[in-house]
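Asker: Residue 58 in the UniProt record's numbering sits at position 58 of the sequence shown, with consecutive numbering throughout.
Backbone N, C-alpha and C fix where the C-beta goes; we use that ideal spot for every residue, glycine too.
After the structure tokens below, expect a handful of questions from me.
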Amino acid sequence: MSFISDFEDRIGSVFGSAPQGYAEPFSFKKLAKRAAKEMEHETYEIDGIDTAPALYTILVSPTDDSLMRPLYADLT
1 MSFISDFEDR
11 IGSVFGSAPQ
21 GYAEPFSFKK
31 LAKRAAKEME
41 HETYEIDGID
51 TAPALYTILV
61 SPTDDSLMRP
71 LYADLT
């Protein structure tokens with residue numbers, strides 16, 4: 001799925017430009033795969049066309065939020 005590879009590429013580029021010693025706080029690959037599964041579960045067929053919600057929200061714990069805050073501008 002293109003979404004997963006695009007997401008992984010974007011995350012890889014963010015952490016490639018992050019300050020030295022800054023590591024991913026959790027597995028973005030697992031997050032992308034989980035998001036893809038959730039998107040597949042949320043698709044609906046309308047007039048023979050598969051549709052999906054246009055907006056998804058990913059909730060981040062307060063601990064991860066403090067680690068990720070410097071990277072939000074690059075992630076969005």
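Quick one: which unbroken beta strand (DSSP E) runs of 3-plus residues sit fully inside the stretch 46-74? Chain order, please.
Answerer: Whole beta strand (DSSP E) segments, 3+ residues: 49-51.
Asker: Tell me the rounded alpha-carbon separation between S66 and I58.
Answerer: Position 66 of the sequence shown, counting from 1, holds the residue named residue 66. Position 58 of the sequence shown, counting from 1, holds the residue named residue 58. Each residue's alpha carbon lies about 15 Å from the other.
Asker: If contacts are defined as beta-carbon pairs under 8 Å, then A52 and M39 qualify, I think. What distance do you get, rounded to the angstrom?
Answerer: If you number the sequence shown from 1, residue 52 lands on position 52. If you number the sequence shown from 1, residue 39 lands on position 39. Contact flag correct, Cβ pair sits at about 6 Å.
Asker: I need the straight-line Cα distance from D50 to A35, nearest angstrom please.
Answerer: Reading the sequence shown from its first residue, position 50 is the one you call residue 50. Reading the sequence shown from its first residue, position 35 is the one you call residue 35. Cα to Cα, D50 sits roughly 17 Å from A35.
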